[in-house]
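Q: Residue numbers (this note's numbering): 30 to 330. For glycine and all other residues, C-beta sits at the position ideal for the given N, C-alpha and C.
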C-alpha cells in the first residue's frame, strides 16, 4: 500500500507504542510526516525545528537528516516506529545549529553521525554536547564530498564553501533525485548569515552557484524550514530550479548591498532601500537589517 498520507500531529508519547523517559513533558510536541512522493521510503518530518528527512534504506536501516531542537527525539522516533521496524543507524547533520542537531543525544544507539568537519568543530562548543554528551557529536566528517552506501541507498554529501555557516552540507538521495539543503536554502527569504559560525554573505552566492553547477540529477528539494504544502505526497514542492533561483537572489542581494556600501550609505539605509521585491515578489524580505548588517560587517573588514 502506498503511503501517501499525512501523519499529522503525531504524538511524541504513545505513537507506535513508543515509551520514552519524560514522555509526559513531550505530549505537546508533535510532528507531521509526509511522503516525498518519489518512493515508499523517503519522508519529510516537520515541526520542532528544521525539517528532518527520514529515509528507510534497503540495506542500512533508517537514516535521519537533522534531529530538530533538543527534546524532539521522541516524536522523531515515534515517526520512525510508525513507518518501519528498522533501527535508526545513521544521522546526518546539515550544519551546527541547535534546531537541526539538538536531539542527537536521544539516539544513543546510532552507530554513525556524519557532518562536515567545520560543523563538528562548531557543534563541539554547543551546550547540548557538553556534560558527557560529546559522544553524540559526529564521529565521521568530510571535507568537500562524501558518499554513503551504494546502489539504491546511495547518499552523497556536498560542501561548497561558506554561506549560512562554514559547515553547510547538501544531502543528495541519489536514486530518488532529491536533496536536503539544510539552511543553505532554508526558504524563499533573506538568508540568515551566521558569522559567529563562519557564515559569509559575501561568499554565499558563489557557494550556491558552485552547488547548482556541481550537483546533477536532482529534481526535488527539501529546504531547511519552508512550510510544506498540506497533504501527502508533497511532489513538486521545491525543485532544483528554486535553488538555482536562490543562488541568483543571493547574488542580487550582495550586489544591491555592495552598491549601497560603496555609495557610503549606512547599513540601515541600505536595508531600507533594498530593491529586490519587484524581481522576487514571492520572497520574504522582512528583517532585511540582519542580513544587510552581516554583509556590511564583512565588507568593512
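#1: Tell me which residues share the same chain as residue 175 and place their Cβ nearer than 6 angstroms to its Cβ, disregarding the 5 neighbours each side in the sequence.
#2: In chain order, which continuous runs of the beta strand (DSSP E) of length 3 or greater are located wholly inside the segment 57–86?
#3: Let me confirm a value: residue 234 is counted as buried when at least 16 other C-beta atoms fall within 10 Å, else exposed. Which label applies?
#4: Nearest to residue 203 by alpha carbon, out of 127, 247 and 319?
#5: Considering just the uninterrupted stretch of the alpha helix (DSSP H) at residue 236, what are its terminal residues?
#6: So the alpha helix (DSSP H) residue 321 belongs to, where does it begin and stop?
#7: What ranges does the alpha helix (DSSP H) occupy inside the segment 95–139, keeping only unbroken runs of at least 4 residues that lie completely in it?
#8: Residue 141 lies in the beta strand (DSSP E); which residues open and close that run?
#9: Below 6 angstroms CB to CB, which residues in the same chain sit around residue 215 once its five sequence neighbours on both sides are set aside?
#10: Exposed or buried, residue 264, counting other C-beta atoms within 10 Å across all chains shown (16 or more means buried)?
#11: Buried or exposed: residue 88, going by 16 or more other Cβ atoms within 10 Å of its Cβ?
#12: Closer than 8 angstroms is the cut-off here; do at least three beta carbon pairs connect the segment 98–115 with the segment 165–181?
#13: Residue 309 and residue 278 look like a contact to me (Cβ under 8 angstroms); what is the Cβ gap, rounded to whole Å?
#14: Any idea if residue 159 is buried or exposed, counting beta-carbon neighbours within 10 angstroms, 16 or more meaning buried?
#15: At which residue ranges does the segment 178–227 contain complete beta strand (DSSP E) runs of 3 or more residues, listed in the order of the chain?
#16: Between which two residues does the alpha helix (DSSP H) carrying residue 249 extend?
#17: Taking residue 298 as the reference, give the member of 318, 312, 313 and 306 with the closest Cα.
#18: What is the residue span of the alpha helix (DSSP H) that residue 307 lies within?
#19: In whole angstroms, what is the alpha-carbon distance linking residue 108 and residue 285?
#20: Return the CA-CA distance between residue 212 and residue 188, expressed in angstroms with no decimal places.
#21: Counting C-beta neighbours from all protein chains within 10 Å, is the total for residue 242 16 or more, i.e. buried, or is it exposed?
#22: Looking at the secondary structure, which residues open and close the alpha helix (DSSP H) in which residue 279 lies?
#23: For residue 169, which residues does DSSP report across the bridge?
#24: Measure the Cβ-Cβ separation of residue 144 and residue 196 and say whether it is below 9 angstroms.
#25: Tell me residue 176's beta-bridge partners as DSSP assigns them.
#26: Among the candidates 125, 138, 137 and 327, whose CA atom is the shortest distance from the CA of residue 156?
#27: Name the residue from 191, 325 and 81 whose alpha carbon lies nearest to the alpha carbon of residue 172.
A: Once the coordinates are examined:
#1: 186
#2: 59–64, 71–75 and 81–85
#3: buried
#4: 247
#5: 233–243
#6: 317–328
#7: 102–112 and 127–130
#8: 141–145
#9: 252, 253 and 254
#10: exposed
#11: exposed
#12: no
#13: 6 angstroms
#14: exposed
#15: 184–187, 199–202 and 207–211
#16: Looking at the DSSP string, residue 249 is not in any alpha helix (DSSP H); the run it does join, the beta strand (DSSP E), is 249–252.
#17: 318
#18: Careful: residue 307 lies outside any alpha helix (DSSP H) and carries neither H nor E.
#19: 44 angstroms
#20: 13 angstroms
#21: exposed
#22: 269–291
#23: 143
#24: yes
#25: 185
#26: 125
#27: 191
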